[in-house]
Amino acid sequence: MRVAEVSGLGGVGDLADAPRPAPAATGVGPVLIVIPCLNEVAVLADVVTRILDDDRLDAPVLVIADGGSTDGTVQIAQGLAAADPRVRLLTNPKRLQSAGINLAARSAGAGAAWMVRVDAHADYPQNYVSSLIDEAHRTGATSVVVSMETRGVAPFQRAAAAAQNSVLGAGGSAHRSRGRKGWVDHGHHALFRLADFLAAGGYDEGFSHNEDAELDLRLARQGGRIWLTDKVRIIYYPRATSVALGRQYFNYGKGRARTVLKHRARLKVRQALPLAVAPAVLLALASPLFWPLAIPALAWLGAVLAFGLLSGLAKGDAAVMASGWPAGIMHLAWSAGFWTELIGRRAPARPGLRAVPAAS
């Protein structure tokens, strides 16, 4: 069987020019499923199999948007496409997840009422896609987002998972809380009404991180509503080393700063509090000249370590006891990334796609 592959076409172009199908009135309706990936050879086949093991889907199109993998991911994707006509391989020359999803929406979205974003490094429940579409039909939501539970395998990864599942690491974010549901301003991206995604202009390809929250701002401004479902949740696996976790949250901080610069958006309290961490650590570096300068950093570090220890003792879980350390990495890296972007005064990124006002 011939491999189903979509060319990268050199760039995204104008997503707003793509067809805009109306949502289906009954059933789950036609759906485009996009998996943006880079070097996911170990997990890609299992994720594709799990997502397509959904007997309520009507001729779905699943696009694997590969950003230049070198570990055998492309060969796995080619094999999946050859074995299943519902699967297509798309070359994403811009490499970023945002660009891959935009390109998939433009080149493979014709006829689809819905688009579902699937991340390769997560586990998904049975009938994930059809459950999301059911929620969109029931609520009338523009976008359905999901909660995520973080799990780890190695010791540091388990501690990082405990931090990300807690108020200490997530700051009370709704999509990090099990069982929460309701209208939100942001959550872990899952399903979009494709017409609304296109009308908003898709993801801003100038963002390597925080592109999801930035898009949610634009969706809300064109009248879209975002529903956090409690019907399904995903399992996410955090970075396995201190360096990788720090790099990830440094980039998250930079992405949030770009969103603030672009939209003049205000930070929530849970986002603003970590901003003091990097300045406090910088002050501590000067403490040999005047020791009280170390007090803010020591107070912060003592607080996060103590919070993790006490939480772990209460639960009898050694991983939770150690969660203060990865939480501290997350706070410091996010703060450093935010200030690096803000002080650099970089011009707000221009959208990779021209935003088109929603129809009145």
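Sequential numbering of the sequence shown, starting at 850, is according to this note's numbering. Virtual Cβ for every residue (Gly too), placed ideally from N, Cα, C. Since the model is a prediction, treat every value here as computed from it, not as a measurement.
Nonlocal neighbours in the same chain, by C-beta distance under 6 Å from residue i, ignoring five residues either side
i            : result
residue 1189 : none
residue 887  : 916 and 918
residue 987  : none
residue 1171 : 1008
residue 929  : 897 and 936
residue 901  : none
residue 850  : Reliability of the predicted coordinates at residue 850 is poor, the pLDDT of 31 falling under 50, and the value obtained from them is presented with this limitation in mind. Cβ within range, chain order: 931.
residue 1180 : 1123 and 1126
residue 910  : 881 and 957
residue 812  : In this structure the chain extends from 850 to 1209, so residue 812 is not present and cannot be described.
Counterpart residues of residue i in DSSP-defined beta bridges
i            : result
residue 1044 : Answer is none; residue 1044 lacks a bridge partner.
residue 966  : 883
residue 996  : 1082
residue 925  : According to DSSP, residue 925 bridges with nothing at all.
residue 797  : For residue 797 there is no data in the structure shown, the boundaries of the chain being 850 and 1209.
residue 1037 : 995
residue 1077 : 994 and 1031
residue 971  : 1085
Opening and closing residue of the alpha helix (DSSP H) in which residue i lies
i            : result
residue 1094 : 1091 to 1112
residue 1172 : Note, residue 1172: premise wrong, no alpha helix (DSSP H); not H, not E.
residue 1134 : 1126 to 1134
residue 1149 : 1144 to 1164
residue 955  : 946 to 957
residue 1009 : 1004 to 1013
residue 1060 : 1060 to 1070
residue 889  : Where residue 889 is concerned, there is no enclosing alpha helix (DSSP H), given that its DSSP letter is neither H nor E.
residue 1054 : Note, residue 1054: premise wrong, no alpha helix (DSSP H); not H, not E.
residue 1119 : 1118 to 1121
residue 920  : Unbroken run through residue 920: none, as it is neither H nor E.
residue 906  : Careful: residue 906 lies outside any alpha helix (DSSP H) and carries neither H nor E.
residue 987  : 977 to 988
Neighbourhood of residue i by C-beta distance below 8 Å, restricted to the same chain and skipping five residues each side
i            : result
residue 997  : 971, 1024, 1025, 1037, 1082, 1083, 1084 and 1085
residue 1191 : 1106, 1109 and 1110
residue 1147 : 1133
Same chain, Cβ closer than 7 Å to residue i, five either side skipped, listed in chain order
i            : result
residue 1046 : 954 and 964
residue 1000 : 1010, 1084 and 1086
residue 1090 : 1005
residue 1193 : none
residue 1145 : 1129 and 1132
residue 1065 : 1034, 1035 and 1075
residue 1043 : 870, 881, 954, 958, 961, 962, 963 and 964
The beta strand (DSSP E) enclosing residue i, as first and last residue numbers
i            : result
residue 914  : 910 to 915
residue 1031 : 1031 to 1033
Next item on the list: Give a yes or no on contact between the stretch 979 to 995 and the stretch 913 to 926, applying the rule of three or more CB pairs nearer than 8 Å.
Entry: no
Checklist line | Touch test, the stretch 958 to 969 against the stretch 930 to 938, Cβ-Cβ under 8 Å, three pairs minimum | finding: no
Check: Would the stretch 1078 to 1096 and the stretch 968 to 978 be scored as touching if the rule is three or more Cβ pairs under 8 Å?
Finding: yes
Checklist line | Contact between the stretch 1155 to 1169 and the stretch 1132 to 1147 (3+ Cβ pairs under 8 Å) | finding: no
Check: Would you call the stretch 942 to 956 and the stretch 890 to 900 touching, i.e. three or more CB-CB distances under 8 Å?
Finding: no
Next item on the list: Specify whether the stretch 1110 to 1127 and the stretch 1004 to 1015 touch according to this definition: at least 3 beta carbon pairs, one from each stretch, less than 8 Å apart.
Entry: no
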